[in-house]
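Trainee: Going down the list, the sequences are from chains S and C.
Residue numbers for the first sequence follow numbering that gives the first Met the number 0, beginning at 0 and rising by one.
Residue numbers for the second sequence follow numbering that gives the first Met the number 0, beginning at 0 and rising by one.
Backbone N, C-alpha and C define an ideal beta-carbon position, used for all residues, glycine too.
2 protein chains.
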Amino acid sequence: MSDTHIASAFDRDLETIQAQIMKMGGLVEQAILDAATSLETRDEELAEQVRQGDRAIDALEEQINEEAARTIALRAPTAIDLRLILTVMKIAGNLERIGDYSKNMAKRTTVLAQMTPINGSTVALRRMAREVEKMLRDALDAYIQRDADLARDVVNRDHDIDQMYNALFREFLTFMMEDPRNITPCMHLHFIAKNTERMGDHVTSIAEQVIYLVTGDMPDDVRPKQDRTSIDPTVAPKA
Amino acid sequence: MSDTHIASAFDRDLETIQAQIMKMGGLVEQAILDAATSLETRDEELAEQVRQGDRAIDALEEQINEEAARTIALRAPTAIDLRLILTVMKIAGNLERIGDYSKNMAKRTTVLAQMTPINGSTVALRRMAREVEKMLRDALDAYIQRDADLARDVVNRDHDIDQMYNALFREFLTFMMEDPRNITPCMHLHFIAKNTERMGDHVTSIAEQVIYLVTGDMPDDVRPKQDRTSIDPTVAPKA
Chain S
0 MSDTHIASAF DRDLETIQAQ IMKMGGLVEQ AILDAATSLE TRDEELAEQV
50 RQGDRAIDAL EEQINEEAAR TIALRAPTAI DLRLILTVMK IAGNLERIGD
100 YSKNMAKRTT VLAQMTPING STVALRRMAR EVEKMLRDAL DAYIQRDADL
150 ARDVVNRDHD IDQMYNALFR EFLTFMMEDP RNITPCMHLH FIAKNTERMG
200 DHVTSIAEQV IYLVTGDMPD DVRPKQDRTS IDPTVAPKA
Chain C
0 MSDTHIASAF DRDLETIQAQ IMKMGGLVEQ AILDAATSLE TRDEELAEQV
50 RQGDRAIDAL EEQINEEAAR TIALRAPTAI DLRLILTVMK IAGNLERIGD
100 YSKNMAKRTT VLAQMTPING STVALRRMAR EVEKMLRDAL DAYIQRDADL
150 ARDVVNRDHD IDQMYNALFR EFLTFMMEDP RNITPCMHLH FIAKNTERMG
200 DHVTSIAEQV IYLVTGDMPD DVRPKQDRTS IDPTVAPKA
């Protein structure tokens, strides 16, 4: 068996796994959008669909991990190829977490549909979710095209998500202080905002993996800081 | 090279990785306890220590993943050994997440130290964190001893953590409704409670991996449901 033969067998395996990653990515993108739509339109059926759909996402992660391990075992890849496979597994892990957060958003849709709506908040949450979904699409494009510039762009955009979250955090506090009846729905909405912000972190992590893959450089230290509410005591609204 | 030789080389590699897992587990256990203590005693120095310490935990996960991948590539393990290595990587991933939650708790300690204390809540949070730490210790013991019964016990105990969280959720809502000035600190405390509950989920996931490893059976479906506040609309206190 020549080296070329081994290399192309590895490439074939990798292509199979990458196809699964793209499939998984597509399902996760849809889950984000559907969860946010179900929240805004109070569509409990769509929310239930998102909850059910998470199984397919979990199953794909499992499949990717098994496939990746089998490839490592079979092909005994070089150090660089090994890193590539490990990256794929990490990306699958990030996608799975984003899927989980979407499922959680859909769960809270069901709860929130029975409560008084909080003025405008679900529209803002959907905007935030849409931004995260776009970032995810770009991060996966960057992965497939090995485009470090696009990946860097995604990392930078996480800052916008963080700002959206911080603005929502303040808004929810104001609503809660205005009327105690807003407290329970706002707690749920705040969780959704926080989880969406965490989705952004996972997308960023995918983009960072791409940068590392292409440039060999992990941009961990230059990464803009995320949720300021856990470190900044001035989060309380002036009201 | 005989089969026995290969097997024992694999075993040696596995032992090295398991030693790293135990080291990582020890650091994470300490991080949980220290974070909870720093919260209760408003010890900002200890909180800073937890935040700094998370780097060592992250580095260990990285090391375990590289070591595991190298072992797979070098030893071309059988299907069962391959599953074992993948389990180790998953456990390392769970430990890393628990470490992250501890770090987040420590971050919020710094913020909360500047706010009015909420009567008794940090004591309850520390009790909850302690339970999670004990569960983690048992889950790792179960892993090393391949003790499915102990692992099952850990899975069942996650229910107690969920109950503690649900009780705290209701308590925080009450405090927030009583006095708007409690809203901001309670939002942070609630996050800590939620993150501690999530730590419990990750410990449960470790225990489930152990059960799977020993019995070949994944107890995903029988697993007791977690946070009821995202599915149960009756979470609002009667007050």
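Cβ atoms of C:Ala72 and C:Ile56: under 8 angstroms apart, would you say?
Mentor: It is not a contact, given that the beta carbons lie outside the stated cut-off.
Trainee: Would you call S:Ser316 buried or exposed, if buried means 16 or more other Cβ atoms sit within 10 Å of its Cβ?
Mentor: The question about residue 316 of chain S has no answer, for chain S in this structure spans 0 to 238.
Trainee: Give me the Cα-Cα distance between S:Val202 and S:Met134, rounded to the nearest whole angstrom.
Mentor: Rounded to whole angstroms, S:Val202 to S:Met134 spans 7 angstroms at the Cα level.
Trainee: Expressed to the nearest angstrom, what Euclidean distance is found between the alpha-carbon atoms of C:Arg151 and C:Ile210?
Mentor: Straight-line Cα distance between these residues: approximately 7 angstroms.
Trainee: Examine chain C for any beta-carbon lying closer than 8 angstroms to the beta-carbon of S:Ile182, and answer yes or no.
Mentor: So yes, S:Ile182 belongs to the interface.
Trainee: Taking 8 angstroms as the cut-off, decide whether the C-beta atoms of S:Leu149 and S:Leu83 are in contact.
Mentor: Going by C-beta atoms, S:Leu149 is not nearer than 8 angstroms to S:Leu83.
Trainee: For chain S, check one thing: does any of its Cβ atoms lie closer than 8 angstroms to the Cβ of C:Gly92?
Mentor: At least one chain S Cβ lies under 8 angstroms of C:Gly92.
Trainee: For the region 62-74 of chain S, enumerate the residues whose C-beta is nearer than 7 angstroms to any C-beta of chain C, in chain order.
Mentor: If the cut-off is 7 angstroms between Cβ atoms, the region 62-74 of chain S has Asn64, Ala68, Ile71 and Ala72 near chain C.
Trainee: Compute the Euclidean distance between the alpha carbons of S:Met175 and S:Arg11, then round it to the nearest angstrom.
Mentor: Rounded to the nearest angstrom, the two C-alpha atoms are 55 angstroms apart.
Trainee: Check whether the Cβ atoms of C:Ala123 and C:Ser37 lie closer than 8 angstroms to each other.
Mentor: No.
Trainee: Using only alpha-carbon positions, find the residue among S:Gln208, S:Asp216 and S:Glu28 that is nearest to S:Lys89.
Mentor: Per the Cα distances, S:Gln208.
Trainee: What do you get for S:Ala58, buried or exposed, if any count of 16 or more other CB atoms within 10 angstroms of its CB means buried?
Mentor: Looking at its Cβ environment, which holds fewer than 16 other Cβ atoms inside 10 Å, S:Ala58 is exposed.
Trainee: How should C:Gly25 be labelled, buried or exposed, when 16 other C-beta atoms within 10 angstroms of its C-beta is the threshold for buried?
Mentor: C:Gly25 should be labelled exposed.
Trainee: Taking Cβ to Cβ, would you say C:Glu130 is nearer than 8 angstroms to C:Ile160?
Mentor: In this structure, C:Ile160 lies closer than 8 angstroms to C:Glu130 by Cβ.
Trainee: Tell me which residues of the region 152-173 of chain C have at least one Cβ-Cβ distance to chain S shorter than 9 angstroms, keeping chain order.
Mentor: Within the region 152-173 of chain C, the qualifying residues are Phe168, Phe171 and Leu172.
Trainee: I'd like the list of long-range same chain contacts for S:Gly119, defined as Cβ closer than 6 angstroms, with 5 residues on each side in sequence excluded.
Mentor: So no residue of the chain qualifies.
Trainee: Just checking my contact of S:Ala46 with S:Thr109 at CB under 8 angstroms: how many whole Å lie between their CB atoms?
Mentor: That pair is a contact at about 6 angstroms.
Trainee: What does the alpha-carbon distance come out to for the pair C:Asp140 and C:Val213?
Mentor: When rounded, the distance between both Cα atoms is 13 angstroms.
Trainee: Pull up the distance between the alpha-carbon of C:Ile20 and that of S:Glu170, whole angstroms please.
Mentor: If I take the Cα positions, the gap works out to 42 angstroms.
Trainee: With a threshold of 16 other CB atoms inside 10 Å of the CB of C:Glu177, please say whether the residue is buried or exposed.
Mentor: It is exposed - the Cβ of C:Glu177 has fewer than 16 other Cβ atoms within 10 Å.
Trainee: Should C:Leu94 and C:Glu60 be called a contact, given that it needs their Cβ atoms to be closer than 8 angstroms?
Mentor: Yes, the pair counts as a contact, with Cβ atoms nearer than the cut-off.
Trainee: Got a sec: is the Cβ-Cβ distance from S:Met134 to anything in chain C below 8 angstroms?
Mentor: No, because no Cβ of chain C sits closer than 8 angstroms to the Cβ of S:Met134.
Trainee: Let me know if C:Ala265 comes out buried or exposed under the rule of 16 or more other beta-carbons within 10 Å of its beta-carbon.
Mentor: Residue 265 of chain C is absent from the model: chain C starts at 0 and stops at 238.
Trainee: For C:Thr70 versus C:Ile143, is the C-beta distance shorter than 8 angstroms?
Mentor: Their beta carbons are not under 8 angstroms apart, which means C:Thr70 does not touch C:Ile143 by this criterion.
Trainee: Going by the CB atoms, is the gap between S:Leu172 and C:Thr183 shorter than 8 angstroms?
Mentor: Taking 8 angstroms as the Cβ cut-off, C:Thr183 and S:Leu172 qualify as a contacting pair.
Trainee: Extract the residue ranges of the alpha helix (DSSP H) inside the region 23-92 of chain S, only unbroken runs of 4 or more that lie entirely within it.
Mentor: You should have 43-74.
Trainee: Kindly indicate which residue of S:Arg136, S:Leu85 and S:Met163 has the alpha-carbon position closest to the one of S:Lys22.
Mentor: Ranking S:Arg136, S:Leu85 and S:Met163 by Cα distance to S:Lys22 puts S:Arg136 first.
Trainee: Grouping DSSP H, G and I as helix and E and B as strand, with all else coil, what is C:Ala112?
Mentor: Here C:Ala112 sits in coil by DSSP.
Trainee: From C:Asp200 to C:Asp157, what distance separates their C-alpha atoms?
Mentor: Rounded to the nearest angstrom, the two C-alpha atoms are 7 angstroms apart.
Trainee: How about C:Gln51 and C:Asp33: do their beta carbons lie closer than 8 angstroms?
Mentor: Going by C-beta atoms, C:Gln51 is not nearer than 8 angstroms to C:Asp33.
Trainee: 8 angstroms is my cut-off, CB to CB: does S:Pro76 come that close to chain C?
Mentor: It does; some Cβ of chain C falls within 8 angstroms.
Trainee: Hey, how far is the Cα of S:Leu167 from the Cα of C:His187?
Mentor: Distance between the alpha carbons of S:Leu167 and C:His187 is about 15 angstroms.
Trainee: Strictly below 8 angstroms CB to CB, what residues from chain S border C:His189?
Mentor: Here the neighbours are Met186.
Trainee: Which term fits S:Glu44, buried or exposed, when burial requires 16 or more other beta carbons within 10 angstroms of its beta carbon?
Mentor: When all chains shown are included, S:Glu44 counts as exposed.
Trainee: How far does the alpha helix (DSSP H) with C:Arg151 in it extend, from its first residue to its last?
Mentor: C:Arg151 -> alpha helix (DSSP H) spans Ala147 to Glu177.
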